[in-house]
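Asker: One line per chain: the protein sequences are A and B, in this order. Oh and the first sequence: position 28 is 28 in my numbering, straight run, nothing missing. To convert, take the position in the second sequence, counting from 1, and add 116; that gives my numbering. The beta-carbon is built from N, C-alpha and C at its ideal position, and this holds for glycine as well.
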Amino acid sequence: DTGVSQNPRHKITKRGQNVTFRCDPISEHNRLYWYRQTLGQGPEFLTYFQNEAQLEKSRLLSDRFSAERPKGSFSTLEIQRTEQGDSAMYLCASSLGDRGEYNEQFFGPGTRLTVL
Amino acid sequence: GDSVTQMEGPVTLSEEAFLTINCTYTATGYPSLFWYVQYPGEGLQLLLKATKADDKGSNKGFEATYRKETTSFHLEKGSVQVSDSAVYFCALSQGLTGANSKLTFGKGITLSVRP
Numbered sequence: 001d002t003g004v005s006q007n008p009r010h011k012i013t014k015r016g017q018n019v020t021f022r023c024d025p026i027s028e029h030n031r032l033y034w035y036r037q038t039l040g041q042g043p044e045f046l047t048y049f050q051n052e053a054q055l056e057k058s059r060l061l062s063d064r065f066s067a068e069r070p071k072g073s074f075s076t077l078e079i080q081r082t083e084q085g086d087s088a089m090y091l092c093a094s095s096l097g098d099r100g101e102y103n104e105q106f107f108g109p110g111t112r113l114t115v116l
Numbered sequence: 117g118d119s120v121t122q123m124e125g126p127v128t129l130s131e132e133a134f135l136t137i138n139c140t141y142t143a144t145g146y147p148s149l150f151w152y153v154q155y156p157g158e159g160l161q162l163l164l165k166a167t168k169a170d171d172k173g174s175n176k177g178f179e180a181t182y183r184k185e186t187t188s189f190h191l192e193k194g195s196v197q198v199s200d201s202a203v204y205f206c207a208l209s210q211g212l213t214g215a216n217s218k219l220t221f222g223k224g225i226t227l228s229v230r231p
């Protein structure tokens with residue numbers, strides 16, 4: 001399967017613990033996005049990478065959140081000192097880079113985080 | 117900031133019924149507009165798009181026309197099937213390049229089609 005993959009698919013943690021999620025984009029895609037989706041809402045943008053550079057972060061991304069994309073391949077999203085409000089589905093998407101035309105974002109299946 | 121408003125759901129239709137799902141947006145400039153679909157147990161998929169005013173996006177029998185005068189992008193299908201049961205999201209982006217390509221989504225609406 002050559003789609004976007006995310007691991008783990010589900011994560012249950014206790015409040016105050018740290019968690020890390022991984023996203024593996026489609027191999028030739030140099031753009032990578034993280035979104036968060038809470039129940040009954042659409043996905044909300046968190047952050048964006050062009051290759052290894054993190055070019056934009058939403059105000060939703062508090063300083064407890066950090067994302068990396070070393071070597072411009074896979075990406076990790078870490079949440080420190082988790083809170084119950086962090087419970088959500090975390091979605092990763094990837095696309096081709098700038099070519100002056102629309103580049104479709106392909107979404108992974110998401111990681112569902114539950115903070116107890 | 118930019119926002120997308122979708123009609124309240126859920127929507128339940130009988131097979132072969134006509135479908136309209138309303139979507140309006142608030143944005144500066146000339147955003148690109150999208151409909152994404154999420155089938156049960158699957159990830160989000162692009163259904164159709166329109167990148168400028170009066171463009172019509174179409175795919176799998178679904179259509180939506182970019183109406184700048186009414187800031188709308190309503191999704192329609194003439195005859196729905198049970199396999200169309202899914203959650204539908206309207207979305208926009210401010211550009212094709214760089215960080216402007218991030219998507220702003222509506223809340224989504226669940227469509228159930230009964231045989």
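Counting only Cβ pairs nearer than 8 Å, list the residues of chain B close to Phe45 (chain A).
Answerer: One-based indexing of the first sequence puts residue 45 (chain A) at position 45. Here the neighbours are Lys218, Leu219 and Thr220.
Asker: How about Tyr90 (chain A) and Thr76 (chain A): are their beta carbons less than 7 Å apart?
Answerer: What you label residue 90 (chain A) is simply residue 90 of the first sequence in a count that begins at 1. What you label residue 76 (chain A) is simply residue 76 of the first sequence in a count that begins at 1. Their beta carbons are not under 7 Å apart, which means Tyr90 (chain A) does not touch Thr76 (chain A) by this criterion.
Asker: With distances taken Cα to Cα, identify the nearest neighbour of Lys71 (chain A) among A:Phe65, A:Arg81, A:Cys92 and A:Leu32.
Answerer: Along the first sequence, read from residue 1 onward, the residue named residue 71 (chain A) stands at position 71. Of A:Phe65, A:Arg81, A:Cys92 and A:Leu32, the residue nearest in Cα terms is A:Leu32.
Asker: If you draw a straight line from the C-alpha of Ala88 (chain A) to the C-alpha of Arg64 (chain A), how long is it?
Answerer: For the purposes of this step, residue 88 (chain A) is taken as the residue at position 88 of the first sequence. For the purposes of this step, residue 64 (chain A) is taken as the residue at position 64 of the first sequence. Each residue's alpha carbon lies about 15 Å from the other.
Asker: Residues of chain B with CB closer than 9 Å to the CB of Tyr33 (chain A), please, in chain order.
Answerer: Your numbering for residue 33 (chain A) matches position 33 in the first sequence. Result: Ser217, Lys218 and Leu219.
Asker: Going by alpha carbons, who is nearest to Thr20 (chain A) out of A:Leu61, A:Glu78 and A:Gln54?
Answerer: By 1-based counting over the first sequence, the position of residue 20 (chain A) is 20. Nearest C-alpha to Thr20 (chain A): A:Glu78.
Asker: So is Ala53 (chain A) buried or exposed if we call it buried at 16+ other beta carbons inside 10 Å?
Answerer: The residue you call residue 53 (chain A) lines up with position 53 of the first sequence. Classification for Ala53 (chain A): exposed.
Asker: With a cut-off of 8 Å, do at least 3 Cβ pairs link the stretch 25-42 of chain A to the stretch 131-140 of chain B?
Answerer: Short answer: they don't touch.
Asker: Does chain A have any CB closer than 7 Å to the CB of Leu164 (chain B)?
Answerer: The sequence position of residue 164 (chain B) within the second sequence is 48, counting from 1. Answer no: the Cβ-Cβ gap between Leu164 (chain B) and chain A never drops below 7 Å.
Asker: Does Leu160 (chain B) come within less than 7 Å of chain A when only Cβ atoms are used?
Answerer: On the second sequence, position 44 is the one that residue 160 (chain B) refers to. Answer yes: the Cβ-Cβ gap between Leu160 (chain B) and chain A drops below 7 Å somewhere.
Asker: Going by CA-CA distance only, name the one from A:Gln84, A:Asp24, A:Ser95 and A:Gly97 that's closest to Gly16 (chain A).
Answerer: Here the question's residue 16 (chain A) lines up with position 16 in the first sequence. Measuring from the Cα of Gly16 (chain A), the nearest candidate turns out to be A:Gln84.
Asker: Would you decide whether Ser82 (chain B) is buried or exposed? Buried here means 16 or more other CB atoms lie within 10 Å of its CB.
Answerer: This structure does not reach residue 82 (chain B), given that chain B is present from 117 up to 231, and the question cannot be answered.
Asker: Note down, in chain order, every chain B residue with its Cβ under 9 Å from the Cβ of Gln40 (chain A).
Answerer: Looking up residue 40 (chain A) in the first sequence gives position 40. Checking the sequence, you will find Gly at residue 40 (chain A) rather than Gln. Residues of chain B passing the Cβ test: Lys223 and Gly224.
Asker: Which of the three DSSP states is assigned to Val4 (chain A) in this structure?
Answerer: Position 4 of the first sequence, counted from the first residue, corresponds to residue 4 (chain A). Here Val4 (chain A) sits in coil by DSSP.
Asker: Is Gly72 (chain A) helix, strand or coil when you go by DSSP?
Answerer: Stepping through the first sequence from its first residue, residue 72 (chain A) is reached at position 72. If DSSP states are grouped into helix, strand and coil, Gly72 (chain A) belongs with the helices.
Asker: In terms of residue numbering, what span does the beta strand (DSSP E) encompassing Tyr155 (chain B) cover?
Answerer: Translated into positions along the second sequence, residue 155 (chain B) becomes position 39. Segment: none, Tyr155 (chain B) is in no beta strand (DSSP E) and carries neither H nor E.
Asker: What does Leu269 (chain B) pair with, by DSSP beta-bridge criteria?
Answerer: Lying before the first or after the last residue shown, residue 269 (chain B) is absent from chain B, which here runs from 117 to 231.
Asker: With respect to the beta strand (DSSP E) encompassing Gln54 (chain A), which residues constitute its N-terminal and C-terminal limits?
Answerer: Mapped onto the first sequence, residue 54 (chain A) falls at position 54. Ala53 to Lys57 is the extent of the beta strand (DSSP E) around Gln54 (chain A).
Asker: Quick one: what does DSSP say Asp86 (chain A) is sitting in, helix, strand or coil?
Answerer: For the purposes of this step, residue 86 (chain A) is taken as residue 86 along the first sequence, with counting starting at 1. In the structure shown, Asp86 (chain A) sits in a helix (DSSP, three-state: H, G or I).
Asker: Please determine, among B:Trp151, B:Tyr155 and B:Thr128, the residue with the shortest C-alpha to C-alpha distance to Gln122 (chain B).
Answerer: Start at 1 with the first residue of the second sequence, and residue 122 (chain B) comes out as number 6. Here the closest residue by C-alpha is B:Trp151.
Asker: Less than 6 Å between C-beta atoms, sequence neighbours within five positions excluded: which residues of the same chain meet that for Lys193 (chain B)?
Answerer: Along the second sequence, read from residue 1 onward, the residue named residue 193 (chain B) stands at position 77. Leu135, Gly177 and Phe178, listed in sequence order.
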